[in-house]
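Presented below is the structure to which this report refers.
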Amino acid sequence: MSAVPPPLGRDEAREAAARELSDPVYAADDPAWPGRVARWLVERLDDLLSAAASAAPGGYGGLLVLGALVVLAVVAVRLGLGRIGRSGPARPALLEPGERSADDHRRAADAHAARGEWVGAVRERVRGIVRGLEERDLLEPSPGRTADEAAAQAARVLPDRAADLRAAARLFDEVCYGDRPAGPDADARLREVDDAVRRSRPAAPAVGA
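The opening residue of the sequence shown carries number 164 in this note's numbering; numbering runs sequentially from there.
In structure tokens, the structure reads:
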């Protein structure tokens, strides 16, 4: 039968916990609060180790129990950070590679709307707005651009439509990635934005001018 390793002393336990909590996984998703959690746990561990060593019979019995609790706390924090890292859908590029025109996207949006497929209508309507801006040379084509990025860039060229463009991008994200219900009102609103953007003229020279 293998020998049971001797229990860790106060200093060794504190150092082991500090090494575990300094794992980069705790700062991968949010460099602010995971670091604060880790520091707080190490500080509390130091306090508890001091109390346990002085109060527990022989010092080590309480330290063993405390060590088990620390392991559980570390596992809980690691699992929690893993869920945070996996939460939230990714934001893929707004426009897919290809040669679809703004009118192609508008026709696709109309077809979705006719079938009551409002998520598809919202997606294609916003794509049509952005593709139309590219066709007018108000935006440079950018395959990896998101809806938010397109709205921010277009707002600098069409400042009178900045609020509409940002609202359209927000609606796109909430409906396509945030599970917000969509309906005919959302599609009608995006039609209005598309029409307004098409009538607007840039307040600054167009890209490449």
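Don't be surprised by glycine CBs; every beta carbon is placed ideally from N, CA and C.
Would you decide whether residue i is buried or exposed? Buried here means 16 or more other CB atoms lie within 10 Å of its CB.
| i | result |
| --- | --- |
| Gly341 | exposed |
| Asp327 | buried |
| Val360 | buried |
| Gly283 | buried |
| Asp323 | exposed |
| Arg207 | exposed |
| Asp210 | exposed |
| Arg286 | buried |
| Arg294 | buried |
| Ala366 | exposed |
| Asp358 | exposed |
| Gly394 | Residue numbering for the chain in the displayed model covers 164 to 372; residue 394 lies beyond these limits and cannot be assessed. |
| Ala310 | buried |
Any heavy atom of the ligand NAD within a distance shorter than 8 Å of the CB on residue i?
| i | result |
| --- | --- |
| Leu334 | Among the components of this structure there are no ligands whatsoever, and the ligand NAD is therefore not found. |
Closest to residue i by CA distance: which of the options is it?
| i | options | result |
| --- | --- | --- |
| Leu334 | Trp203, Val356 and Leu321 | Val356 |
| Arg354 | Trp203, Arg207, Ala276 and Glu298 | Ala276 |
| Ser363 | Ala349, Asp348 and Ala317 | Ala317 |
| Asp350 | Leu204, Arg288, Arg263 and Arg270 | Arg288 |
| Leu301 | Thr309, Ala332, Val320 and Arg290 | Val320 |
| Leu296 | Trp281, His268, Asp273 and Ala274 | His268 |
| Ile347 | Gly307, Trp281, Asp273 and Asp336 | According to the sequence shown, residue 347 is Pro rather than Ile. Checking every option, the nearest Cα to that of Pro347 belongs to Trp281. |
In chain order, what are the residue ranges of uninterrupted alpha helix (DSSP H) at least 4 long that sit wholly in the region 322 to 353? 325 to 339
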